[in-house]
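This report refers to the structure that appears directly beneath it.
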Amino acid sequence: MDNIYEDLLWLQKPTEEFSKKLSNASNITDFKELAKYSLDETQLKRLYNKFKNFRDNNNKTTPLVPLKIGIISNSTTNLIIPSLISTALRYKISLEVIEAEFDQIAQEAFSEDSTFKNQKLDFILVAIDYRGLSISKKIGDKNSSDKNIDDCYFYIKSIIESLRLKFNTQIIFQNFANIAESQFGSFEGRLQGTPYNLILNLNRRLDSLISNNIFLLDIENISSNIGLSNWHDPTLWNLGKLSFSQKYLPIYAEYICRILAARLGMSRRCLILDLDNTLWGGIIGDDGVEGIIIGNGNPTGEAYLSIQKTALELRQRGIILAVSSKNDDKIARKPFKEHPDMILNEDHIAVFQANWTDKASNIRAIAKTLSLGLESMVFLDDNPAERMQVRRELPDVAIPELPDNPALYTRTLLAAGYFESIGFSDEDLKRASYYQDNAKRAEILNQSSDIDGYLKSLNMEINFSSFDKIGRARIVQLVNKSNQFNLTTKRYNEGEIKDFEENKNFYTSQIRLKDKLGDNGMISVIICKKNFKFWEIDTWLMSCRVLGRKVEIITLQNIIQNAKNYGADKLIGFYNKTERNGLVKDHYKKLGFEKT
0 MDNIYEDLLW
10 LQKPTEEFSK
20 KLSNASNITD
30 FKELAKYSLD
40 ETQLKRLYNK
50 FKNFRDNNNK
60 TTPLVPLKIG
70 IISNSTTNLI
80 IPSLISTALR
90 YKISLEVIEA
100 EFDQIAQEAF
110 SEDSTFKNQK
120 LDFILVAIDY
130 RGLSISKKIG
140 DKNSSDKNID
150 DCYFYIKSII
160 ESLRLKFNTQ
170 IIFQNFANIA
180 ESQFGSFEGR
190 LQGTPYNLIL
200 NLNRRLDSLI
210 SNNIFLLDIE
220 NISSNIGLSN
230 WHDPTLWNLG
240 KLSFSQKYLP
250 IYAEYICRIL
260 AARLGMSRRC
270 LILDLDNTLW
280 GGIIGDDGVE
290 GIIIGNGNPT
300 GEAYLSIQKT
310 ALELRQRGII
320 LAVSSKNDDK
330 IARKPFKEHP
340 DMILNEDHIA
350 VFQANWTDKA
360 SNIRAIAKTL
370 SLGLESMVFL
380 DDNPAERMQV
390 RRELPDVAIP
400 ELPDNPALYT
410 RTLLAAGYFE
420 SIGFSDEDLK
430 RASYYQDNAK
440 RAEILNQSSD
450 IDGYLKSLNM
460 EINFSSFDKI
470 GRARIVQLVN
480 KSNQFNLTTK
490 RYNEGEIKDF
500 EENKNFYTSQ
510 IRLKDKLGDN
520 GMISVIICKK
530 NFKFWEIDTW
540 LMSCRVLGRK
550 VEIITLQNII
560 QNAKNYGADK
570 LIGFYNKTER
580 NGLVKDHYKK
590 LGFEKT
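Numbering that gives the first Met the number 0 applies: residue 0 is where the sequence shown begins, and numbers increase by one.
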């Protein structure tokens with residue numbers, strides 16, 4: 000069986016036209032199209048060379064998001080750069096990489112004369128290989144082992160803290176792939192003082208460093224999935240200090256780009272499911288409830304149970320579930336109502352689209368009902384023809400390639416990393432129900448001809464409060480992942496949000512909304528800079544799930560009242576156009592602002 004991580008099997012394989020299309024690439028659309036395939040390290044390098052030449056000739060890279068990342072390591076990293084920059088194109092990022100000098104970690108972190116000086120980096124990747132640690136081999140000596148772990152931990156922590164503070168940037172640090180060889184066999188990881196045990200425990204300790212501006216690249220997990228003996232190539236280390244086999248450059252770059260994208264709010268939020276031969280075996284319209292294959296005791300039936308179980312677990316962590324199926328609606332719902340082995344039920348599905356309309360149209364309808372962009376959607380369908388049709392019409396929707404064996408559907412979906420997370424909050428647990436309630440509101444609205452009457456019937460209750468410690472994590476999350484209803488898309492870390500809390504020269508507001516159908520949680524964040532005679536709206540963002548409910552009007556009234564109380568007589572708003580916030584291009588105009 001092919002290695003799903005080595006070959007990135009959730010992506011389409013490049014066509015025979017790849018080389019020709021690469022030669023003819025002349026704009027950002029071409030580069031994004033080429034980057035969507037499962038490219039090996041050679042193809043990624045060719046794409047990088049073409050894109051580098053394009054960018055070096057001062058061609059504009061909009062609408063890609065520009066990011067600059069520094070890399071610091073005790074291993075050779077220059078071969079990583081082409082794969083990293085090419086992979087970033089698939090995530091709509093124009094990435095610039097600044098590489099520190101080889102094996103100069105402490106010097107770069109603590110010296111005033113650093114490669115990163117004046118670079119204005121968005122991120123620094125701290126990529127230390129375990130061979131850069133001072134590992135003492137006092138087998139069975141607990142005190143020595145504990146001290147060794149402490150020394151390694153505080154060394155890494157000091158590097159991260161110095162880099163973060165000195166360059167005012169965010170840090171991605173990687174933990175350690177463990178050694179492949181063992182002297183004690185199965186007892187190796189349990190015996191204190193062995194390198195394997197030390198690395199195992201050090202990785203657990205390093206988890207404590209994760210924060211709102213320090214992120215973990217989980218090399219331990221990647222190398223375990225691939226296999227330690229595959230990941231480590233002793234010959235490459237001896238020849239060129241390459242810390243892993245270069246055929247894994249694509250998956251290494253992939254994991255880094257997922258973190259970058261998640262920080263930009265690009266992680267997917269909704270899983271749209273086909274039904275026949277995706278959630279169960281067989282065709283419900285032909286086979287009936289009794290004829291579809293699902294349930295324990297049958298290998299194929301258990302494979303489909305695994306998919307449903309995974310979908311439910313994703314929902315429990317906040318991913319919205321929807322259905323898009325070519326089926327009669329009443330027949331499509333029967334398994335959810337009648338089959339005893341179904342794990343999913345109708346209450347788990349936020350939007351249920353079963354009809355004979357094409358799936359691309361249904362997915363558009365789902366996105367509209369949920370007030371989410373298509374770039375938030377993942378579509379799971381066993382049928383290659385359906386996948387092709389949706390890809391052609393909706394290129395922003397993520398669609399994993401699925402193998403013939405349904406037992407591998409779950410692994411393929413999760414390996415693709417569509418739902419990458421850099422944090423987790425109570426609000427995340429509730430997100431699926433928030434959107435499900437919102438779908439009910441949309442259904443009520445569709446049945447009403449009186450928008451004002453509809454809004455009044457919701458019995459909405461809105462609450463405004465200043466930033467505080469309790470809401471800080473959710474505020475940071477919203478600021479960094481909101482893209483559509485976000486006037487300036489400025490990104491702030493936890494420390495900067497805390498500064499806004501304490502700075503009397505800024506007005507801050509976290510806004511929450513309830514109605515008769517449920518609690519929407521925190522739905523908007525406002526930051527205004529106070530000047531004596533005028534206020535500037537630095538940040539205005541809002542969850543798209545409350546669009547159309549006139550929340551922006553009462554929010555503006557609240558800002559105006561606070562500005563008046565302060566003595567200001569003018570309010571200035573800014574709109575910075577991005578690829579994804581066209582929704583609010585006329586926001587201030589609609590609210591009565593005059594364009595200057």
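Built from N, CA and C at the ideal position, the CB exists for glycine as well.
*asked:* Please list the terminal residues of the continuous beta strand (DSSP E) segment that includes residue 538.
replied: Reading the sequence shown from its first residue, position 539 is the one you call residue 538. 533-541 is the span of the beta strand (DSSP E), which, as asked, contains residue 538.
*Which of the three DSSP states, helix, strand or coil, is assigned to residue 511?*
If you number the sequence shown from 1, residue 511 lands on position 512. In this structure, residue 511 counts as strand in the three-state DSSP scheme.
*How big is the Cα-Cα spacing for residue 538 and residue 367?*
For this step, residue 538 is matched to residue 539 along the sequence shown. For this step, residue 367 is matched to residue 368 along the sequence shown. So the two alpha carbons sit approximately 25 Å from each other.
*residue 139 to residue 195 span [Cα, whole Å]*: In the sequence shown, residue 139 corresponds to position 140, counting from 1. In the sequence shown, residue 195 corresponds to position 196, counting from 1. Spanning the two alpha carbons is a distance of roughly 13 Å.
_Within 8 Å, strictly: CB atoms of residue 75 and residue 97_ = Indexing the sequence shown from 1 puts residue 75 at position 76. Indexing the sequence shown from 1 puts residue 97 at position 98. No, these two residues do not count as a Cβ contact at 8 Å.
*Give the secondary structure of residue 319 by DSSP, where H, G and I count as helix, E and B as strand, and everything else as coil.*
By one-based count along the sequence shown, residue 319 stands at place 320. In this structure, residue 319 counts as strand in the three-state DSSP scheme.
*If you draw a straight line from the alpha carbon of residue 178 to that of residue 227, how long is it in whole angstroms?*
As a position in the sequence shown, residue 178 is number 179, starting the count at 1. As a position in the sequence shown, residue 227 is number 228, starting the count at 1. Distance between the alpha carbons of residue 178 and residue 227: 7 Å.
*Compare the beta carbon distance of residue 481 and residue 508 with 8 Å and say whether it is the shorter of the two.*
Counting from 1 along the sequence shown, the entry for residue 481 is found at position 482. Counting from 1 along the sequence shown, the entry for residue 508 is found at position 509. No, Cβ-Cβ distance for residue 481 and residue 508 is not below 8 Å.
*asked:* Here's a check: name, in chain order, each residue in its chain whose Cβ is nearer than 8 Å to the Cβ of residue 516, leaving out the five neighbours to either side.
replied: Taking the sequence shown and counting its residues from 1, one reaches residue 516 at position 517. Excluding positions up to five away in sequence, the list reads 436, 439, 440, 457.
*Ignore the nearest five residues each way along the sequence and tell me which others in residue 331's own chain have a CB closer than 7 Å to its CB.*
Within the sequence shown, the letter at position 332 stands for residue 331. Closer than 7 Å at the Cβ level, and outside the excluded window around residue 331, lie 274, 283, 324, 353.
*How about residue 245 and residue 40: do their beta carbons lie closer than 8 Å?*
For this step, residue 245 is matched to residue 246 along the sequence shown. For this step, residue 40 is matched to residue 41 along the sequence shown. Yes, these two residues count as a Cβ contact at 8 Å.
*Quick one: give me the first and last residue of the alpha helix (DSSP H) that residue 85 is part of.*
Residue mapping note: residue 85 aligns to position 86 of the sequence shown, counting from 1. That run of the alpha helix (DSSP H) goes 79-89.
*Using the DSSP secondary-structure output, state which residues sit across from residue 215 in a beta bridge.*
Locating residue 215 in the sequence shown gives position 216, where the first residue counts as 1. In DSSP, residue 215 forms a bridge with 172.
*Just tell me which of 388, 470, 303, 511 has its CA closest to the CA of residue 630.*
Within the shown structure, residues of the chain are numbered from 0 to 595, placing residue 630 beyond reach of any answer.
*Does the separation of the CB atoms of residue 170 and residue 164 fall below 8 Å?*
Counted from its first residue, the sequence shown places residue 170 at position 171. Counted from its first residue, the sequence shown places residue 164 at position 165. The answer is no: Cβ separation not under 8 Å.
*Taking buried to mean at least 16 other C-beta atoms within 10 Å of its own C-beta, is residue 0 buried or exposed?*
Start at 1 with the first residue of the sequence shown, and residue 0 comes out as number 1. With a pLDDT of 48 at residue 0, under the threshold of 50, the modelled position of this residue cannot be trusted, and the question is left open.
_Suppose the cutoff is 7 Å on Cβ atoms and the five residues either side in sequence are ignored; what does the same chain contact list for residue 200 look like?_
Along the sequence shown, one-based indexing puts residue 200 at 201. These residues qualify, in order along the chain: 148.
*Please determine, among 483, 487, 556, the residue with the shortest C-alpha to C-alpha distance to residue 373.*
Here the question's residue 373 lines up with position 374 in the sequence shown. For residue 373, the nearest C-alpha among the options comes from 483.
*Quick one: residues in its chain with C-beta nearer than 8 Å to the C-beta of residue 567, no 5 flanking neighbours on either side, listed in chain order?*
Start at 1 with the first residue of the sequence shown, and residue 567 comes out as number 568. Hits under 8 Å: 529, 530, 531, 532, 533, 534.
_Helix, strand or coil, according to DSSP, for residue 293 in the structure here?_
Against the sequence shown, residue 293 aligns to sequence position 294. The answer is coil: DSSP assigns residue 293 none of H, G, I, E or B.
*Going by other Cβ atoms of all chains shown within 10 Å of its Cβ, with 16 needed for buried, is residue 563 buried or exposed?*
In the sequence shown, residue 563 corresponds to position 564, counting from 1. Answer is exposed; the Cβ neighbour count stays below 16.
_Where residue 279 falls: helix, strand or coil (DSSP)_ = Position 280 of the sequence shown holds residue 279. If DSSP states are grouped into helix, strand and coil, residue 279 belongs with the strands.
*Is it true that the CB of residue 546 sits closer than 8 Å to the CB of residue 559?*
Against the sequence shown, residue 559 aligns to sequence position 560. Against the sequence shown, residue 546 aligns to sequence position 547. Not a contact, by the Cβ cut-off of 8 Å.
*Return the residue from the list 17, 527, 364, 576 that minimises the CA-CA distance to residue 271.*
In the sequence shown, residue 271 corresponds to position 272, counting from 1. It is 364.
*asked:* Quick check on this structure: which residue in 359, 370, 305 has the alpha carbon closest to the alpha carbon of residue 319?
replied: Taking the sequence shown and counting its residues from 1, the one referred to as residue 319 is at position 320. Checked all of 359, 370, 305; the closest Cα to residue 319 is 370.
*Would you identify the three-state DSSP class for residue 331, choosing helix, strand or coil?*
For the purposes of this step, residue 331 is taken as the residue at position 332 of the sequence shown. Residue 331 falls in the helix class under three-state DSSP.
_Just verifying my parser: in three-state terms, what is the DSSP assignment at residue 563?_
The sequence position of residue 563 within the sequence shown is 564, counting from 1. Correct three-state label for residue 563: helix.
*Quick one: what does DSSP say residue 362 is sitting in, helix, strand or coil?*
Reading the sequence shown from its first residue, position 363 is the one you call residue 362. DSSP places residue 362 in helix when its eight states are reduced to three.
*At which residues does the beta strand (DSSP E) containing residue 95 begin and terminate?*
Taking the first residue of the sequence shown as 1, we reach residue 95 at position 96. Per DSSP, residue 95 belongs to the beta strand (DSSP E) from 92-98.
*asked:* By the DSSP assignment, the beta strand (DSSP E) with residue 519 in it spans what residues?
replied: Mapped onto the sequence shown, residue 519 falls at position 520. Residue 519 -> beta strand (DSSP E) spans 517-529.
_Among 348, 253, 410, 230, whose alpha-carbon lies nearest the alpha-carbon of residue 309?_
Locating residue 309 in the sequence shown gives position 310, counting from the first residue. That would be 410, whose Cα lies nearest to the Cα of residue 309.
*Using DSSP with H/G/I as helix, E/B as strand and the rest coil, what is residue 423?*
For the purposes of this step, residue 423 is taken as the residue at position 424 of the sequence shown. Three-state result, residue 423: coil.
*Since residue 66 contacts residue 92 with CB under 8 Å, what's their CB separation in whole angstroms?*
Taking the sequence shown and counting its residues from 1, the one referred to as residue 66 is at position 67. Taking the sequence shown and counting its residues from 1, the one referred to as residue 92 is at position 93. The Cβ separation is near 5 Å, so the contact holds.
*Assess, as a yes-or-no matter, whether the region 258-268 is touched by the region 415-424 under the definition of 3 or more beta carbon pairs within less than 8 Å.*
Yes: at least three Cβ pairs fall under 8 Å.
*asked:* Using a 10 Å radius around the Cβ and a threshold of 16 neighbouring Cβ atoms, would you call residue 34 buried or exposed?
replied: Sequence index remark: in the sequence shown, residue 34 carries index 35 (1-based). With 16 or more other Cβ atoms within 10 Å, it is buried.
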